[in-house]
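No gaps in the numbering here: position 383 of the sequence shown is 383 in the working numbering, and each next residue is one more. In what follows, a structure is listed as C-alpha cells, so that the remarks can point back to it.
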Amino acid sequence: MPGNGEAVTRRIEARSGEGSGVVLTRGVVILFAVACAAAVANVYFSQPLLVTIGHDLAMSPALVGSVVTLTHVGYGLGLFFLVPLGDVVARRRLIVVQLLLLVVALAVVAAAHTAAILLVGMAAMGLLAVVTQTLVAFAASLAPPAGRGRVVGLVTSGVVVGILLARTASGLLADLAGWRSVYLASASLTALLALVLYRVLPRHGDAPPATLRYGQLLRSTITLFARERLLRLRALFGLLIFAAFSTLWSSVALPLSEAPYFLSHSAIGALGLIGVAGALAATVAGRLNDRGLSRRTTGTALALLAASWLPLAFTRSSPWALFVGVLLLDLAVQAVHVTNQTLIYALRPDAGSRLIGGYMVFYSIGSATGAIAATSLYAVAGWGAVCALGAAFSCLGLVLWAFTRHRIPDPGTTKIPSPGEG
1 MPGNGEAVTR RIEARSGEGS GVVLTRGVVI LFAVACAAAV ANVYFSQPLL VTIGHDLAMS
61 PALVGSVVTL THVGYGLGLF FLVPLGDVVA RRRLIVVQLL LLVVALAVVA AAHTAAILLV
121 GMAAMGLLAV VTQTLVAFAA SLAPPAGRGR VVGLVTSGVV VGILLARTAS GLLADLAGWR
181 SVYLASASLT ALLALVLYRV LPRHGDAPPA TLRYGQLLRS TITLFARERL LRLRALFGLL
241 IFAAFSTLWS SVALPLSEAP YFLSHSAIGA LGLIGVAGAL AATVAGRLND RGLSRRTTGT
301 ALALLAASWL PLAFTRSSPW ALFVGVLLLD LAVQAVHVTN QTLIYALRPD AGSRLIGGYM
361 VFYSIGSATG AIAATSLYAV AGWGAVCALG AAFSCLGLVL WAFTRHRIPD PGTTKIPSPG
421 EG
C-alpha cells in the first residue's frame, strides 16, 4: 500500500508539475477568497431570518425550516450538475455567467411575496452559489504544486468568512431595513464581483484539457468515486463534519431568540464573528498539508469537533460556554475541510472540478441532513437533544478516522511523506 501511495504521488507531481503558465499573485488569491465569501454567504443568509420570513409570508414552522433545506438541496444539485463543467469549459467564463445568473436568483428572492416564489428562488440561489467551488478549483489549478495547500487554505478562508459573517450581515441588515434588503445588497455585490472577475481573472491557463460530452462528464464523476478510495473516505469525512456544522448553525438562533436571551437578529448574527477564527484554521491546515501532515491534522481536528459539543450543551446557562463551543467547532470543521480539498485535488488535477464538485455533494447532503434534523429535533426535544445529535455526527467522524488512518495512504501534494509523518 505505501508503494501505491508513492506511485500516486509521483504521478501527481509529474502531471501537476507542468504548471499553468500563470503567476498567481497574492492579490488575485485574495480576490478569489472575497468572491468565494460573497457567493457562499447566500446559502446562509436566511438562518437568522427564518422567524421574520415566516411571519412576513405566513409560513408554517415546518415550511420555514424547508427554506434552509431547499437551499442546500439546490446547492447539492449544482455541485453535481454545474461544477464539473469547469473541467470542459473555460472557468473564467463559467464563473462570470454563474454570478450573473445568481444576481437574477437573488432578485427573485428579494421580490418574493409568496412562499412558493421564495422557495423556488432559494433553490435557484443555492444551485448557482456553487460558483464558490468553481473558484476553488480554478485557484488550485493555477497554484504551483508546492504551494497548493497554502492557496487552497487562503481561498477556503474566504469561504469560512463568508459562511460565518453571512449571519452577522443578514441580521444587521434585517434589523435596519428588513430581510429583503439582505438579498438586494447581495445582488448588487454579486454583480460588481462579476465585472471585476471578468476583468481580473487570467484569460489563459484555465483551458481544461478534457473533451468529454456533458453526459460523459457526469458519468466520469461517478467513476472517480468508484476508483479513488481516498476520495470516498474524504467525502464521508465531509458529510459528517458539515452535518455537525449545520446542526449547530441551523438551530442556534432558536434558543438564542428565547428566554433567557431574547436576542435580536443582529445579535444572533454577531455570533458568527467568533467563528471567523476558523479562517485561521483554514490557512494553517493548508500549510500543514503542504508539509505532509494531513492525517494528523484530520485526527486532531475531529477530536476537537467532538469535544466542542460539551460546552455547547451549556448554551442556555452560559454565553461563554457557547462562545468556546463555537470557536472549537469552526476551527475543527475548517481544518478538516481544507485537508479534504487539498488531498482530493491532488489525486487528479486534470479532473479538479469533478473531484471537488463530487466531494462537495457530500458536504451538501451533510448540511441538509443536519439542518432538517436539528430544527425538527429542537421542536420535540430541545437544545440538549440537538447537542447530542451534533456530538454523534462528530464522534462518527472520529471513529471513521481511527479505523481508516492506516489503511488508505494520503498522497502528499508536493512530496512523499516520511514514515513518521501525519
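For glycine and all other residues, C-beta sits at the position ideal for the given N, C-alpha and C. No experiment lies behind these values; they were computed from the predicted model shown.
The beta carbon of S308 is closer than 6 Å to those of G325, L328, L329 in its chain, skipping five residues each way along the sequence. Separation of L271 and D290 (C-alpha to C-alpha, rounded to the nearest whole angstrom) is 32 Å. Residue state for S264 is assigned as coil, using DSSP reduced to three classes. Closest option to L172, judged by alpha-carbon separation, among L398, Q334, L57, L273: L273. Assignment of V108 by DSSP, reduced to helix, strand and coil, places it in the helix class. A direct Cα-to-Cα measurement between P319 and A391 gives close to 19 Å. The beta-carbon distance between Y44 and A166, rounded to whole angstroms, is 4 Å. This is short enough to meet the 8 Å contact definition. DSSP places T283 in the helix class (H, G or I) of the three-state scheme.
The C-beta of I365 has 16 or more other C-beta atoms within 10 Å across all chains shown, which makes the residue buried.
Under the three-pair Cβ rule at 8 Å, the stretch 128–139 counts as touching the stretch 68–83. Excluding sequence positions up to five before and after L400, its CB lies within less than 8 Å of the CB of L233, L236, F237, L240, all in the same chain and listed in chain order. According to the DSSP assignment, T69 belongs to the alpha helix (DSSP H) that extends over 61–81. Annotated three-state conformation of F314 is coil, per DSSP.
Closest in alpha carbon position to V151, among V89, S376, T339, is T339.
Annotation note: the stretch 335–367 contains no uninterrupted beta strand (DSSP E) run of length 3 or greater. By the neighbour-count criterion, in which a residue is buried when 16 or more other Cβ atoms sit within 10 angstroms of its Cβ, Y214 is exposed.
By the C-beta density criterion, E258 is exposed, having fewer than 16 other C-beta atoms within 10 angstroms. For T52, the enclosing alpha helix (DSSP H) stretches over residues 50–56. Straight through space, the alpha carbons of F393 and A185 are spaced by roughly 35 Å. The beta carbons of G299 and T342 sit about 16 Å from each other, so the pair does not count as a contact at 8 Å. Counting only runs that start and end inside the stretch 379–403, there is no beta strand (DSSP E) element of at least 3 residues. Apart from the 5 residues on each side of it in sequence, A243 sits with its Cβ closer than 6 Å to the Cβ of G366, T369, G370, F393 in its chain, given in chain order. Counting of Cβ neighbours within 10 angstroms places L193 among the buried residues, the total reaching 16 or more.
Inclusion of A374 and A332 in the CB contact set at 8 Å is not warranted, their separation being larger than that value. The straight-line gap separating the alpha-carbon atoms of L176 and A321 is approximately 29 Å.
Collapsing the DSSP output to three states places F45 in coil.
Sorting G352, F323, G292, L128 by C-alpha distance to the C-alpha of I95 places L128 at the top. Counting only residues of its own chain and dropping the five nearest sequence neighbours on each side, G149 has a CB closer than 7 Å to the CB of G286, R287, N289, D290, T342, T413. Contact check for G162 against A335 fails: the beta carbons are separated by 8 Å or more. In the three-state scheme derived from DSSP, where H, G and I count as helix and E and B as strand, R296 is classed as helix.
Burial is judged here by how many other beta carbons sit within 10 angstroms of a residue's own beta carbon; R91 has at least 16 and is buried.
Distance from the CA of T190 to the CA of A33, rounded to the nearest whole angstrom, comes to 14 Å.
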